[in-house]
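In the numbering used here, the protein residues as written are 20 to 189.
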């Protein structure tokens with residue numbers, strides 16, 4: 020490549036801190052081996068209902084304003100309720116057990132898969148999906164609805180985080 024400074028380091032670097040406060044060493048090892056860790060219960064049932072009611076009220080307003088149900092990106096910057104969810108200390112505690120105390124919220128993305136919606140998210144590796152080099156990144160996914168095969172639950176490939184960039188075919 021004629022511009023080596025543009026090359027991206029997509030290698031996986033194990034994460035974890037010396038004295039985690041929420042995650043056990045076994046959970047951190049599992050994350051480093053598999054590339055994901057779930058389920059992690061950070062909200063109780065009452066809080067999930069409140070969060071869902073908030074987003075259920077936000078969605079029709081967003082659609083009426085011309086937003087696409089998949090394109091509500093970085094709304095934590097303008098919607099206090101979104102900000103409160105994504106900066107919740109119980110979520111941050113988990114992330115800090117992997118990354119350390121200094122955490123930057125790079126991106127938030129609220130998307131809704133509406134009934135009958137054929138939209139899907141293609142297979143990807145987060146390290147190549149986000150435009151970062153030295154990919155010391157944690158993606159957090161908060162499901163506020165039941166996630167089932169029937170409604171198109173997220174799927175992950177265990178260990179793919181440790182593999183070099185994978186090229187996908189249709």
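Using N, Cα and C, we set each Cβ at its ideal position, and we do this for glycine too.
Since this is a predicted model, take the numbers as computed values, not measurements.
If we ignore side chains and look at the alpha-carbon of each, how far apart do residue i and residue j end up?
i           : j           : result
residue 95  : residue 52  : 31 angstroms
residue 68  : residue 28  : 40 angstroms
residue 124 : residue 168 : 29 angstroms
residue 177 : residue 133 : 28 angstroms
residue 26  : residue 63  : 43 angstroms
residue 103 : residue 135 : 30 angstroms
residue 41  : residue 120 : 13 angstroms
residue 99  : residue 81  : 15 angstroms
residue 83  : residue 90  : 14 angstroms
residue 161 : residue 170 : 15 angstroms
residue 97  : residue 86  : 14 angstroms
Run through the DSSP bridge pairs and tell me what residue i is partnered with.
i          : result
residue 92 : 128
Ignore the nearest five residues each way along the sequence and tell me which others in residue i's own chain have a CB closer than 7 angstroms to its CB.
i           : result
residue 56  : 46, 49, 50
residue 59  : 113
residue 101 : 94, 95, 127, 129
residue 166 : 172, 173
residue 73  : 100
Which same chain residues, not among the five before or five after residue i, have their C-beta less than 8 angstroms away from its C-beta?
i           : result
residue 34  : 47, 50, 51, 117, 118, 155, 157
residue 137 : none
Could you tell me how far apart the beta carbons of residue i and residue j are, in whole angstroms, since I believe they sit closer than 8 angstroms?
i           : j           : result
residue 107 : residue 61  : 7 angstroms
residue 127 : residue 105 : 5 angstroms
residue 92  : residue 159 : Contact flag wrong, Cβ pair sits at about 15 angstroms.
residue 163 : residue 71  : 5 angstroms
residue 131 : residue 88  : 4 angstroms
residue 31  : residue 181 : 5 angstroms
So, at 6 angstroms on beta carbons, what are the nonlocal neighbours of residue i in its own chain, with the 5 sequence-adjacent residues on each side left out?
i           : result
residue 39  : 116
residue 175 : 55
Please determine if the region 36–47 and the region 71–79 are in contact, where contact requires at least 3 C-beta pairs separated by less than 8 angstroms. Taking 8 angstroms as the limit for Cβ pairs, the verdict is that the region 71–79 does not touch the region 36–47.
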